[in-house]
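Have a look at the structure below, then the notes.
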Amino acid sequence: MKPAPFVYHAPTDLNAAIATLAQVAPADGRVLAGGQSLVPSMAFRLARPAHLVDINTVIGLDRLTLGPDGLGIGACVRHAAFHRPVTDAPLGALLSAVVGHIAHYPIRTRGTFCGSLAHADPASEWCLVAVTLGATMVAQSVRGTRLVAAAEHFQGIMTTALEPDEILTQARLPVLAPGTRFGFYEFSRRAGDYAIAMALATFRLEQGVMVAPHLGLGGVEDRPRRNAAAEAVLEGRAPEAAVFHQAAEAAAATVEPLEDLQSSADYRRDLVRVVARRALERALS
Ligand SMILES: Cc1cc2nc3c(=O)[nH]c(=O)nc-3n(C[C@H](O)[C@H](O)[C@H](O)COP(=O)(O)OP(=O)(O)OC[C@H]3O[C@@H](n4cnc5c(N)ncnc54)[C@H](O)[C@@H]3O)c2cc1C
Numbered sequence: 011m012k013p014a015p016f017v018y019h020a021p022t023d024l025n026a027a028i029a030t031l032a033q034v035a036p037a038d039g040r041v042l043a044g045g046q047s048l049v050p051s052m053a054f055r056l057a058r059p060a061h062l063v064d065i066n067t068v069i070g071l072d073r074l075t076l077g078p079d080g081l082g083i084g085a086c087v088r089h090a091a092f093h094r095p096v097t098d099a100p101l102g103a104l105l106s107a108v109v110g111h112i113a114h115y116p117i118r119t120r121g122t123f124c125g126s127l128a129h130a131d132p133a134s135e136w137c138l139v140a141v142t143l144g145a146t147m148v149a150q151s152v153r154g155t156r157l158v159a160a161a162e163h164f165q166g167i168m169t170t171a172l173e174p175d176e177i178l179t180q181a182r183l184p185v186l187a188p189g190t191r192f193g194f195y196e197f198s199r200r201a202g203d204y205a206i207a208m209a210l211a212t213f214r215l216e217q218g219v220m221v222a223p224h225l226g227l228g229g230v231e232d233r234p235r236r237n238a239a240a241e242a243v244l245e246g247r248a249p250e251a252a253v254f255h256q257a258a259e260a261a262a263a264t265v266e267p268l269e270d271l272q273s274s275a276d277y278r279r280d281l282v283r284v285v286a287r288r289a290l291e292r293a294l295s
């Protein structure tokens, strides 16, 4: 199949991109970033945008910045940028540990971090990272700039708080305090496939107990989410196998798993027990 006809726009600065999107969004205009989700769905004619606003030609969107707001990831930063740690802070190692699970290398050289957040597949690794760490989205349009917390950004399967005329120009991630532990565990049928279930755990160890634990789950529900029940089990406890087991059980008891061709809801719930416990164990190793 070939895509349905569309008008291609290639603005070279951000203001022009924002103005063009404002004009074409009401006529089903869409942003084109890495194209690794949009182009296949156009080829299958699942998506038939009348206009594409290519942001790859916009100068300055491919930047990574480190500042008081954390790590700023511009809209055209590719997945592959994270194969090597982008910062000495724990965040750099965390992103490197996760990126290899996203698709295959050629896709990682084109697909973008922000494109994944805009696409909002519930099984996207970067969406899980964004929610678990508490990322902030920077959305720009002709009406100005909005900052949106990750927990509000993701609203359901491939549904976000972005308006049709907004460009996600940057995502900001907290760099994580020195000594923050993290563990990521993903279950998928084959290397490079989307996750059926995955977990990301972070915590600090102070005087032998876990402080500020975050446990995020992805691929399980209609959007990635932190699991409050598991986090309540972990807070202030020693990082021991029995505590991890209890937290994983609490997570499994409180999720509302999706059912699809890959997995029943019961199987996904069972996987939550496994991925949550293994992510916590990895945070200790
Ligand atoms: C075979 C295959 C396997 C894959 N496996 C995985 C996987 O395991 N995990 C995973 O997470 N992903 C996977 N992907 C998807 C890949 O990671 C994509 O790169 C990603 O989902 C979208 O990023 P993109 O830059 O390619 O966005 P595009 O395809 O260009 O756009 C996707 C959507 O987001 C919108 N959009 C993109 N950027 C912006 C922006 N800055 N502002 C506003 N809207 C925007 C577009 O309009 C479009 O609707 C896979 C893809 C393929 C083809």
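Numbering-wise (the working numbering), the sequence shown opens with residue 11 and increments by one.
Positions of the beta carbon are idealized from the N, C-alpha and C atoms, including for glycine.
Check	Outcome
G218 Cβ short of 8 Å to ligand 1 heavy atom set	no
Distance CB(A32)-CB(V152) smaller than 9 Å	yes
Complete runs of the alpha helix (DSSP H) confined to the segment 86–122 [at least 4 residues]	100–109 and 115–120
Distance CB(A145)-CB(L127) smaller than 9 Å	yes
Straight-line gap, I141 to L76 (C-alpha atoms, nearest Å)	A small fix is needed here, since residue 141 is Val in this sequence, not Ile. If I take the Cα positions, the gap works out to 19 Å.
Close Cβ partners of P59 (< 6 Å) along its chain, the five nearest in sequence each way excluded	F16, D38 and R40
Given 8 Å, three or more beta-carbon pairs between the segment 208–218 and the segment 113–131	no
CB of V34 within 9 Å of CB of L42, strictly	no
Any non-hydrogen atom of ligand 1 within 8 Å of G70 CB	no
Contact belief for P132 with G229 at Cβ below 8 Å, rounded distance in angstroms	6 Å
Host alpha helix (DSSP H) of I28 (start-end)	L24 to V34
Residues bridged to F16 [DSSP beta-bridge criterion]	Paired residue(s): none; F16 is not in a bridge.
Under 9 Å between C-beta atoms of L178 and L143	no
Start-to-end residues for the alpha helix (DSSP H) that takes in S151	Careful: S151 lies outside any alpha helix (DSSP H), inside the beta strand (DSSP E) at T146 to S151.
Candidates L105, G45 and L294: closest to H93 by CA position	L105
Contact check, R191 vs L215, beta carbons under 9 Å	yes
Where D23 falls, given that 16 or more other Cβ within 10 Å makes a residue buried	exposed
Environment of I167 [buried if 16+ CB atoms lie within 10 Å]	exposed
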